[in-house]
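Numbering (our numbering), first residue to last: 2 to 192.
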């Protein structure tokens, strides 16, 4: 059986939702009214971040490879560049609402597939020898929106690219830190 979400839905008759352990605890607390220790959630988030950082230790983005990538991405998909730079300006995370605003999307547009051009461009630049293939994926979807857990809550970039992006974009129109945003924090869906 092919490994697609559409096929899964057709075969099983249900949708598949993938959550990180910390997201699962947050949803269990909210939806099942369970007593979940916030310290446990933070511990799981830190463990996930440490694991992601460890996975990307092999090869990192260089100033040159990132500049080439961002230049070509701006040519092809400027909305993705805006999202990546906004994430860098805000500690590594950009929320869904900011992406809609920066990209000029109306509320009926879905964000499904928003990160696909990142993968496509990465493969193109690997084929040209600009990227090694060991660079961490530049824009990762964070799921678990309050309205529907299968919706993107926002997007995260690897922490290692933040200084590189800051040195290139800080002071430009694209670098827009949000007031009151805690560095790298994902906003709560409550309220």
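Just so it is clear, CB atoms sit at the ideal spot from N, CA and C, and this is done for glycine as well.
Whose C-alpha, out of the options, is nearest the C-alpha of residue i?
i, options, result
"residue 176", "149, 97, 92", "92"
"residue 97", "77, 65, 151", "151"
"residue 146", "137, 138, 156", "156"
"residue 166", "116, 34, 63, 11", "63"
"residue 113", "69, 153, 125", "153"
"residue 81", "22, 134, 120, 130", "120"
"residue 1", "36, 84, 131", "Not covered by the structure: residue 1. The range shown for the chain is 2 to 192."
"residue 95", "168, 172, 171, 158", "158"
"residue 78", "123, 60, 89", "123"
"residue 160", "90, 105, 76", "90"
"residue 129", "36, 14, 99, 66", "66"
"residue 61", "171, 174, 138, 144", "138"
"residue 170", "142, 143, 68", "68"
"residue 117", "35, 107, 74", "74"
So is residue i buried or exposed if we call it buried at 16+ other beta carbons inside 10 Å?
i, result
"residue 140", "buried"
"residue 178", "exposed"
"residue 110", "exposed"
"residue 136", "buried"
"residue 148", "exposed"
"residue 71", "buried"
"residue 12", "exposed"
"residue 126", "buried"
"residue 87", "buried"
"residue 103", "buried"
"residue 33", "exposed"
"residue 132", "buried"
Per the DSSP calculation, residue i is bridged to which residue(s)?
i, result
"residue 70", "Note: residue 70 sits in no beta bridge, so no partner."
"residue 95", "156"
DSSP three-state call for residue i: helix, strand or coil?
i, result
"residue 142", "strand"
"residue 122", "helix"
"residue 75", "helix"
"residue 106", "coil"
"residue 61", "coil"
"residue 161", "helix"
"residue 148", "coil"
"residue 113", "coil"
"residue 133", "coil"
"residue 35", "coil"
Quick check: is any heavy atom of the ligand ZN less than 7 Å from the C-beta of residue i?
i, result
"residue 90", "The ligand ZN is absent from the structure shown, which contains no ligand whatsoever."
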